[in-house]
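Some notes on the structure that comes next.
Numbering (our numbering), first residue to last: 273 to 558.
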């Protein structure tokens, strides 16, 4: 386990415990159910060093949200009574030992004091894409980036071919983008004339690995109906096909490129992604 400081959360495990506990509550679990699941998930690892930190963090988290269970409090106070836990930063780490002692003293006083009223947590509202498999859309570029690159007002076409999950439980579309950008939207019967846009930023990968199959699917991240830029989209119709893959469950990992209507630290913005990929691949036959 990695530990880098003397705060209760300055290690690899305790931040996860806090986040996992709140995540379970937001999914509709009761306090007792969330606690039992966390215990089952974390107490079978055989790591005796982490066990005290697990109970201390869980007790601190539950107290902060007015949900401290008696058995969790009892476990935490037991470990707070053990000399070994107070000496976690012993030896040459004297300064850290003093700081860690203050952390534990603060926690002990907290757990022995009345906890605050229960804090309400909003439950997750999961989005499930309403588009049908095979639905085809034209998207009109309107961003400053598209203007800078000379594509403002032009269209790109994509088709939903599967579904995937996006944390914490949204069901989002998996689409394939056609390698075409233009001013006039083509008819559906013309789509078979277009190649698909590879979901790979480096065209040289095709030259270096000519036998490696290219991926063409991307996750199109949508966390709500409001997030979809309807003013940019035109529904063209439905195109069934053998390439459509049914949803394979929330635990199935696809590894598809993650693209969102807006950018974030987790994904690229749709317009930026499509334009960059088109410029990289437009003259390469795939």
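Every residue gets a Cβ at the ideal spot worked out from N, C-alpha and C, and that includes glycine.
Top-ranked residue by Cα proximity to residue i, from the options
i, options, result
"residue 450", "306, 379, 326, 550", "550"
"residue 414", "427, 402, 368, 404", "427"
"residue 400", "493, 425, 377, 460", "493"
"residue 520", "295, 503, 281, 443", "443"
"residue 396", "496, 558, 554", "496"
"residue 416", "480, 543, 314, 355", "543"
"residue 334", "351, 390, 453", "390"
"residue 431", "294, 536, 408", "408"
"residue 438", "458, 524, 517", "524"
"residue 526", "306, 435, 504", "435"
"residue 411", "343, 503, 328, 336", "503"
"residue 345", "327, 538, 464", "327"
"residue 384", "466, 336, 516, 541", "336"
"residue 516", "440, 419, 487, 433", "433"
"residue 472", "537, 486, 558, 294", "486"
"residue 470", "322, 343, 545, 294", "545"
Residue range of the unbroken alpha helix (DSSP H) whose run includes residue i
i, result
"residue 387", "Run containing residue 387: none; DSSP gives neither H nor E here."
"residue 342", "342-352"
"residue 528", "No alpha helix (DSSP H) contains residue 528, which DSSP labels as neither H nor E."
"residue 547", "542-553"
9 Å Cβ cutoff met for residue i and residue j
i, j, result
"residue 348", "residue 331", "yes"
"residue 421", "residue 506", "no"
"residue 406", "residue 501", "no"
"residue 310", "residue 296", "yes"
"residue 380", "residue 352", "yes"
"residue 529", "residue 489", "yes"
"residue 453", "residue 423", "yes"
"residue 491", "residue 446", "yes"
"residue 599", "residue 553", "Here the chain has residues from 273 to 558 only, and residue 599 is not among them."
"residue 425", "residue 455", "yes"
"residue 462", "residue 394", "no"
"residue 508", "residue 558", "no"
Alpha carbon of residue i to alpha carbon of residue j, nearest angstrom
i, j, result
"residue 510", "residue 308", "46 Å"
"residue 339", "residue 314", "20 Å"
"residue 289", "residue 532", "29 Å"
"residue 324", "residue 376", "12 Å"
"residue 292", "residue 481", "41 Å"
"residue 378", "residue 388", "16 Å"
"residue 276", "residue 555", "The predicted position of residue 276 is uncertain, since its pLDDT is 45 and thus under 50; no value can be drawn from it."
"residue 514", "residue 448", "14 Å"
"residue 305", "residue 386", "23 Å"
"residue 441", "residue 367", "44 Å"
"residue 535", "residue 301", "31 Å"
"residue 312", "residue 541", "39 Å"
"residue 464", "residue 538", "32 Å"
"residue 466", "residue 522", "32 Å"
Min CB distance residue i to chain D below 9 Å
i, result
"residue 421", "Considering every chain present, this structure includes no chain D. It has just one protein chain."
Uninterrupted beta strand (DSSP E) stretches inside the stretch 429-491 (no shorter than 3 residues): Taken in chain order, the complete beta strand (DSSP E) segments of 3 or more residues contained in the stretch 429-491 are 442-454.
Ranges of the beta strand (DSSP E) found wholly within the stretch 374-426, counting only runs of at least 3: Complete beta strand (DSSP E) runs here, min 3: 407-412.
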